[in-house]
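Student: Numbering-wise (our numbering), the sequence shown opens with residue 3 and increments by one. Glycine is no exception: its CB is placed at the ideal position from the N, C-alpha and C atoms. If you're wondering where the values come from, they're calculated on a predicted model, not measured in any experiment. Sharing a structure with you now.
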Amino acid sequence: MAVQGKAELNKRFVRWSLSEIKQGQLWPVTIALVLIIACIFALSALAERMEQVVVKQGKEALTADTVYVSANPIDQSFEKLIESYSLTHTTQTRFATMVFSDNAMKLITVKAVDEQYPLQGELRLSDAQSEFGQVKPGELWLDERLFNQLDVTIGDAVTVGDADFVVTGRILEEPGLSFNPFQQMPSAFIHSADLDKTGAVQLGSRVRYSVFLNGDSDVIEQLKQQVELTPSDRWRDQNSASRTNEVFQRTEQYLSLTVAIVVIMAATTLVLTCQHYVATRRKTIAMLKSLGASKAWVIRWLITQVTILLATAVVVGIALGIGLEFLLRIPLADLLPNPLPSYGINPALIAISTSILIAVPALGIPLIGLVNVSAVNVMQEGESPQVGLGRYALILVPVIPMLITYYDNLFVWIVLGGMVALFILLAVISVVITRLLAKVPLNTAFKLALSRINRSVSATGVQFGALALSLMLLSTMWLVRTDLLTDWQRTLPVDAPNAFALNIAPYEIDAYLKVLDDNAMTRSEAYPIVRGRLVNINGQDAKSQAQGEEGSDVLRREINFTFADANPNHNEIISGDWSKQGGVSVESDVARDLGLKLGDELSFVINSREVTASVNSIRSVEWRDMKPNFYFIFTPDVLAEIPATYLVSFRVEESNDQVLNSLSRQHPTVSLMDIRVMGEKIQQLLSQIVWSITLLAAIGVVSGLLLIFTLLRLSLGQRQDEIQLYRTLGASRKRVQQTIWAEYGLMALVASFIAIIGSELVVGAIMSYGFDLSPNLHQLLWIALPSGTFFTLALVVNSLIKRLLTPVNKAFS
Numbered sequence: 003m004a005v006q007g008k009a010e011l012n013k014r015f016v017r018w019s020l021s022e023i024k025q026g027q028l029w030p031v032t033i034a035l036v037l038i039i040a041c042i043f044a045l046s047a048l049a050e051r052m053e054q055v056v057v058k059q060g061k062e063a064l065t066a067d068t069v070y071v072s073a074n075p076i077d078q079s080f081e082k083l084i085e086s087y088s089l090t091h092t093t094q095t096r097f098a099t100m101v102f103s104d105n106a107m108k109l110i111t112v113k114a115v116d117e118q119y120p121l122q123g124e125l126r127l128s129d130a131q132s133e134f135g136q137v138k139p140g141e142l143w144l145d146e147r148l149f150n151q152l153d154v155t156i157g158d159a160v161t162v163g164d165a166d167f168v169v170t171g172r173i174l175e176e177p178g179l180s181f182n183p184f185q186q187m188p189s190a191f192i193h194s195a196d197l198d199k200t201g202a203v204q205l206g207s208r209v210r211y212s213v214f215l216n217g218d219s220d221v222i223e224q225l226k227q228q229v230e231l232t233p234s235d236r237w238r239d240q241n242s243a244s245r246t247n248e249v250f251q252r253t254e255q256y257l258s259l260t261v262a263i264v265v266i267m268a269a270t271t272l273v274l275t276c277q278h279y280v281a282t283r284r285k286t287i288a289m290l291k292s293l294g295a296s297k298a299w300v301i302r303w304l305i306t307q308v309t310i311l312l313a314t315a316v317v318v319g320i321a322l323g324i325g326l327e328f329l330l331r332i333p334l335a336d337l338l339p340n341p342l343p344s345y346g347i348n349p350a351l352i353a354i355s356t357s358i359l360i361a362v363p364a365l366g367i368p369l370i371g372l373v374n375v376s377a378v379n380v381m382q383e384g385e386s387p388q389v390g391l392g393r394y395a396l397i398l399v400p401v402i403p404m405l406i407t408y409y410d411n412l413f414v415w416i417v418l419g420g421m422v423a424l425f426i427l428l429a430v431i432s433v434v435i436t437r438l439l440a441k442v443p444l445n446t447a448f449k450l451a452l453s454r455i456n457r458s459v460s461a462t463g464v465q466f467g468a469l470a471l472s473l474m475l476l477s478t479m480w481l482v483r484t485d486l487l488t489d490w491q492r493t494l495p496v497d498a499p500n501a502f503a504l505n506i507a508p509y510e511i512d513a514y515l516k517v518l519d520d521n522a523m524t525r526s527e528a529y530p531i532v533r534g535r536l537v538n539i540n541g542q543d544a545k546s547q548a549q550g551e552e553g554s555d556v557l558r559r560e561i562n563f564t565f566a567d568a569n570p571n572h573n574e575i576i577s578g579d580w581s582k583q584g585g586v587s588v589e590s591d592v593a594r595d596l597g598l599k600l601g602d603e604l605s606f607v608i609n610s611r612e613v614t615a616s617v618n619s620i621r622s623v624e625w626r627d628m629k630p631n632f633y634f635i636f637t638p639d640v641l642a643e644i645p646a647t648y649l650v651s652f653r654v655e656e657s658n659d660q661v662l663n664s665l666s667r668q669h670p671t672v673s674l675m676d677i678r679v680m681g682e683k684i685q686q687l688l689s690q691i692v693w694s695i696t697l698l699a700a701i702g703v704v705s706g707l708l709l710i711f712t713l714l715r716l717s718l719g720q721r722q723d724e725i726q727l728y729r730t731l732g733a734s735r736k737r738v739q740q741t742i743w744a745e746y747g748l749m750a751l752v753a754s755f756i757a758i759i760g761s762e763l764v765v766g767a768i769m770s771y772g773f774d775l776s777p778n779l780h781q782l783l784w785i786a787l788p789s790g791t792f793f794t795l796a797l798v799v800n801s802l803i804k805r806l807l808t809p810v811n812k813a814f815s
């Protein structure tokens, strides 16, 4: 009987707890938790899918997890070392050589691979009847362009170096993606077993040897530690500082930034919601204690309610998050791979653990204070419980995991720093402004509003800070997305050149340019090209001064030089002036990595001759705009006695295909690089990434707006008793309504203004230090943010105005 009685008592206890949740003020806490879990789950799940897609795209661009690249033949001891780590690997030998048919000849890139190539990505070969994915001994697969340029068909004989081959078929698609147009010469695939018979790789030949590796990242890192790199060797992976991987890295950074911002907004909302609950339930707890309830009973009662809330929020939040993630994927259906990569259980674990970590201080700190409310508060409602400061140690519960997760994520800490600074700044500015306005002659509505705002300095700071913080984070998330997209659009502008002609002899440059001009093809200037190496800086070996990736890359190989009378229009001089004689202009990244300054004397070896020049200027170069760009540009006198060929870039449309074929036949020694295929691959990749971060930003903004809506409703709800008292004492509906609009209109205006300033500062810092991009001023934000805030405020006020304006005697009749 005692057991049954206890069970019945527990049932009543739970029913009473459910009733308190329903009738009390805990349901907003449930809604806040559901929003947190649903938003974090949806964002984390979609981010997980997109990160897998982005990483997959990046590795397919490399055609492996990691690539070892060298200018020297691969040593057998290195291959044995790879085998000892049980890593899947394949090799590629890449070189340039002439190919001859019965009707034409052409300089091409030959790639000698084995049957394992590629480890990632797709190689599609066709013999007009079937498609294949590997290269076999004795086969020769040609780029589609070479069939026209060499005037051959499948089955015709061609000569590659010293070896005769029969054309096996066409290369429909090859793996790998590069933003460097100079790597896009027409290519041919042969098998590694046929490499020696071509006779093209000799001592002194420019050859690139690559080893592609697949395997566990930790194992690959162990292998790297065992390999001592020479100046001619390097590793390439997802983290390499390349033009391609920049996009992947910045996308991953934005994904983590979006999730972090949503968590911060959700935590802020939950804290204020819990504070509101505690403020409304002090009298209830005091009354229970006056009726004999013990502190232990009150703790058990509150813990039961919180447990029910968390369980409900987890179930509803996860279900809502799954549906939300599904809806978010609908616009991306054509861009996401099929089948979709699974997001696994991680998003659910992240959402639940994050909400619990946030809830511990958000609920724990105010509830500890609520538990300690004295029974005296039944008669003295304003008396606050005496509680030690030890409860604030609960803040460390979410802070420590966040420190562990984001300890090396610079731009997340920039956002947090901006958030704290803004919160403090708002507390000061809001109090100063409202105190000053109180001294200005204003109408009655504004006087009542300012009187209400100035009544509590701490409450004013918290309210203004919470609203402005949410607005700042929303703006930050969207502006970072906008600035990233603006930068990425420069990767492949609509009018970007998509063809390059190299090795144009001086005697044929005029005729070549005339064909382009006669066919109205937009082109660049013709740039003279010579190849050489930087060898000395101020009389010292240049290799000893290389400190960065760009500088090391310049020194490990021959590079293209040009000369000109003036700086190219698409480059920007950031220091120095363009001299007329004896000078060289240096690209800014190379200048930084080599420690170059204006006036430094550089020595180069060009065509076995040594030339010297002084650094006259340092240029900023945007390499991704597909225009001819150079690390070094000399004044004409320095290279006057060195023979040069010419380079020109131009825009090709489908209607110009016959012109290209004609140019190839009329100028057989000119290397024509049609990079339209590469452009389409880049455009497809960027389209996928743009959609991804736009959708992530959109859900972050929507969830943020919902949280701001909740914040304003709670803030207005706190005014209910006071507003009803005004109505009972005879204040007209119009006067009270004017007071509400004056108070919240002032709050919206000040919070929006400070949020805009905070957003500009934080976004500027993120773009400069997090993404290494130049910050911009966002004029549209100064209109959009205040307008959006006032619109949200109008929705909130209109949804509550009827209840708020009800007099007390009617409210309880």
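(1) For chain C, is any of its Cβ atoms less than 8 Å away from the one on residue 672?
(2) Candidates 472, 506, 269 and 165: which alpha carbon is nearest residue 399's?
(3) On the DSSP letters alone, give me the boundaries of the alpha helix (DSSP H) that residue 408 sits inside.
(4) If you count every other CB in all the chains shown that lies within 10 Å of the CB of residue 745, and 16 or more means buried, which is it?
(5) Beta strand (DSSP E) containing residue 235: first to last residue?
(6) For residue 781, name the three-state secondary structure that DSSP assigns.
(7) Using DSSP with H/G/I as helix, E/B as strand and the rest coil, what is residue 773?
(8) How about the region 629-642 and the region 511-521: do they share at least three Cβ pairs that are nearer than 8 Å?
(9) How about residue 534 and residue 607: are their beta carbons less than 8 Å apart?
(10) Quick one: grab the DSSP three-state call for residue 67.
(11) In the DSSP assignment, what are the bridge partners of residue 108?
(12) Are three or more beta carbon pairs between the region 496-508 and the region 287-297 nearer than 8 Å?
(13) For a test of the three-state rule: what should DSSP assign to residue 327, helix, strand or coil?
(14) Is residue 166 helix, strand or coil by DSSP?
(15) Can you tell me whether DSSP reads residue 142 as helix, strand or coil?
(16) According to DSSP, is residue 529 helix, strand or coil?
(17) Check for me: the beta strand (DSSP E) holding residue 174 runs from which residue to which?
(18) Going by Cα to Cα distance, which pick from 314, 195, 199 and 175 is closest to residue 189?
(19) So which of 148, 145 and 125 has the shortest CA-CA distance to residue 137?
(20) Taking the alpha carbon of residue 412 as the point to measure from, which residue in 224, 94, 774 and 366 has its own alpha carbon closest?
(21) My output table needs one value for residue 38: the three-state DSSP class, helix, strand or coil.
(22) Bridge partners of residue 749, per DSSP?
(23) Determine the direct distance from the alpha carbon of residue 589 to that of residue 795, and round the result to whole angstroms.
(24) When you compare the region 571-578 with the region 638-646, are there three or more beta-carbon pairs, one atom per stretch, that lie closer than 8 Å?
(25) Could you spell out where the alpha helix (DSSP H) holding residue 607 opens and where it closes?
(26) Around the Cβ of residue 75, are there at least 16 other Cβ atoms within 10 angstroms (buried) or fewer (exposed)?
(27) Tell me whether residue 4 is buried or exposed, calling it buried when 16 or more other Cβ atoms sit within 10 Å of its Cβ.
(28) Skipping 5 residues on each side, what residues in its chain have a beta carbon closer than 8 Å to that of residue 90?
(29) Out of 172, 422, 656 and 95, which has the shortest C-alpha to C-alpha gap to residue 198?
(30) Measure the C-alpha to C-alpha separation of residue 264 and residue 323 and round it to an integer number of angstroms.
(31) On a CA-only basis, which of 369, 65 and 351 is nearest residue 43? Give me that one, please.
(32) Hey, is the region 614-625 in contact with the region 595-606, meaning 3+ C-beta pairs nearer than 8 Å?
(33) Taking C-alpha atoms, which residue in 144, 83, 472 and 69 lies nearest to residue 103?
Tutor: Let me lay it out:
(1) The structure shown has no chain C; it contains just one protein chain.
(2) 269
(3) 398-408
(4) buried
(5) 235-239
(6) coil
(7) coil
(8) Fewer than three Cβ pairs drawn from the region 629-642 and the region 511-521 lie within less than 8 Å of each other, which leaves the two stretches out of contact.
(9) yes
(10) Three-state DSSP puts residue 67 in coil, outside helix and strand.
(11) 101
(12) no
(13) Note: residue 327 maps to helix in three-state DSSP.
(14) strand
(15) DSSP places residue 142 in strand when its eight states are reduced to three.
(16) DSSP, reduced to helix, strand and coil, places residue 529 within a strand of the structure shown.
(17) Note, residue 174: beta strand (DSSP E), 171-175.
(18) 175
(19) 125
(20) 774
(21) helix
(22) According to DSSP, which records beta bridges pairwise, residue 749 is partnered with nothing at all.
(23) 51 Å
(24) no
(25) Boundaries around residue 607 are those of the beta strand (DSSP E), 603-608, since no alpha helix (DSSP H) includes it.
(26) Per the 10 Å Cβ criterion, exposed.
(27) Below a pLDDT of 50, predicted positions are generally treated as unreliable, and residue 4, at 46, falls in that range; the measurement from the model is reported next regardless. Answer is exposed; the Cβ neighbour count stays below 16.
(28) Take residue 90, set aside five residues on each side of it, and the residues of its chain with a beta-carbon closer than 8 Å to its own are 118, 121, 215, 216 and 217, in chain order.
(29) 95
(30) 14 Å
(31) 351
(32) yes
(33) A check of alpha carbon separations from residue 103 across 144, 83, 472 and 69 identifies 144 as the nearest.
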